[in-house]
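S.K.:
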Ligand code: GTQ
Ligand code: FE2
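Residue numbers (my numbering): 4 to 349.
Structure follows, in structure tokens:
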């Protein structure tokens, strides 16, 4: 039925009669339930790190990481304040750990990723192993793995969190619990997972210590950046994607996380991507340089450590105003598994 068609009195009377039986007419809502194409409730948006950082440091004086459990300024899509998300499915936030602080050990069904911005020397411990975090590192916390964070250095440690909380909650499948101590026990020296799974080798006895999630939990920028630059020497950038490499689970060649797809893109200065759109909701974090985005015809500029939200089916185009490296997280991993990921390259 057309949205504008007024409901006749006899039909409305019928609707009122079936309502107490917990039923409703599909024909009044069908268009909204089965749209011809995606129409996001969320808006493209850029969060500037220059605005976020002083506020985050202020939050650092207001309460401790332990009081907060996680001291995060979560990013609210301006078209849906209160929804605690940047797109339909993606949660993102800036997290701060002050020197000497500990964010206590807990675990939950949701998977998390961290894109590290500053404060080398900060660490995350995941399932009995610590990893020190440097700018540009992608650190992964698999579903139900114990994790705590800390900063032993004298500088604030700041990163961007990305979580699939809303995908888990949509299914009403979320559990969480707290460890009985502030920090978990460490059972492996730093670098153990990297040695077992992160060098192109794998244990002879097949194990999937984290189920559907990659057993590598720090994809370090010290490896990512040279790989991107090396590939760009020989390979021309993809017209729509630039020079992009995705983070891979070495156990099956798929995405590193079961729900969230992650990749890193290098765009040489002046390079402009061809327009495209895709059904995944994306969060981008500029690691180096500056990018001018055209999102549904509107221009947005994002510099280092800024976060960009690109909702489903947004017409998008990127141009590097300086040599740029940009990290992307998106719900594409989940959409592909469910069989409805779609894209249109122009
Ligand atoms: O660092 O463990 O931004 O559990 C939201 C939920 C971060 C975390 C968030 C979390 C965490
Ligand atoms: Fe957590």
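All C-beta atoms in this analysis are idealised placements derived from N, C-alpha and C, irrespective of residue type, glycine included.
Note that the structure is a prediction, hence the values are computed from the model and not measured.
Comparing alpha-carbon positions, which option in 329, 122, 43, 118 lies nearest residue 267?
M.R.: Here residue 267 is taken as the residue at index 264 of the chain shown, counted from 1. It is 329 whose Cα lies nearest to the Cα of residue 267.
S.K.: What's the C-alpha gap between residue 73 and residue 116?
M.R.: As a working note, residue 73 is residue 70 in the chain shown. As a working note, residue 116 is residue 113 in the chain shown. So the alpha carbons of these two residues sit roughly 14 angstroms apart.
S.K.: Tell me whether residue 45 sits in a helix, a strand or coil according to DSSP, three-state version.
M.R.: Residue mapping note: residue 45 aligns to position 42 of the chain shown, counting from 1. Residue 45 falls in the coil class under three-state DSSP.
S.K.: Who are the Cβ neighbours of residue 227 in its own chain at under 7 angstroms, not counting the five residues just before and after it?
M.R.: Counting from one through the chain shown, the residue named residue 227 turns up at place 224. The residues are 139, 267.
S.K.: Rounded to the nearest angstrom, how far is the Cβ of residue 279 from that of residue 347, given a contact under 8 angstroms?
M.R.: Working through the chain shown from its first residue, we reach residue 279 at position 276. Working through the chain shown from its first residue, we reach residue 347 at position 344. Between residue 347 and residue 279 the Cβ distance is about 6 angstroms, and since that is below 8 angstroms, they are a contact.
S.K.: Just to confirm, does residue 181 get its C-beta within under 7 angstroms of one of the non-hydrogen atoms of the ligand GTQ?
M.R.: Translated into positions along the chain shown, residue 181 becomes position 178. No.
S.K.: Closer than 8 angstroms is the cut-off here; do at least three beta carbon pairs connect the stretch 312-320 with the stretch 37-48?
M.R.: yes
S.K.: Under 7 angstroms from any heavy atom of the ligand FE2, does the C-beta of residue 144 make it?
M.R.: Position 141 of the chain shown, counting from 1, holds the residue named residue 144. Yes.
S.K.: Pull up the DSSP beta-bridge partners for residue 97, would you.
M.R.: Position 94 of the chain shown holds residue 97. Answer by DSSP bridge pairing, in chain order: 76, 163.
S.K.: Which whole-angstrom value is the C-beta distance of residue 186 and residue 128, which I expect to be below 8 angstroms?
M.R.: As a working mapping, residue 186 is identified with position 183 in the chain shown. As a working mapping, residue 128 is identified with position 125 in the chain shown. Indeed, because the Cβ distance is near 7 angstroms, the residues count as touching under 8 angstroms.
S.K.: Specify the secondary structure class of residue 133 as computed by DSSP and reduced to three states.
M.R.: As a first step, residue 133 must be located in the chain shown, where it is residue number 130. Strand at residue 133.
S.K.: Can you give me the C-alpha to C-alpha distance between residue 216 and residue 78, rounded to a whole angstrom?
M.R.: Locating residue 216 in the chain shown gives position 213, where the first residue counts as 1. Locating residue 78 in the chain shown gives position 75, where the first residue counts as 1. C-alpha separation (whole angstroms): 25 angstroms.
S.K.: Nearest CA to the CA of residue 149: which residue from 130, 123, 164, 296?
M.R.: Mapped onto the chain shown, residue 149 falls at position 146. Of the candidates 130, 123, 164, 296, the one whose C-alpha sits nearest the C-alpha of residue 149 is 130.
S.K.: Return the CA-CA distance between residue 196 and residue 218, expressed in angstroms with no decimal places.
M.R.: On the chain shown, position 193 is the one that residue 196 refers to. On the chain shown, position 215 is the one that residue 218 refers to. If you take the alpha carbons of residue 196 and residue 218, they lie about 7 angstroms apart.
S.K.: Near the ligand FE2, which residues have their beta-carbon less than 6 angstroms from any of its heavy atoms, given in chain order?
M.R.: 109, 111, 115, 150
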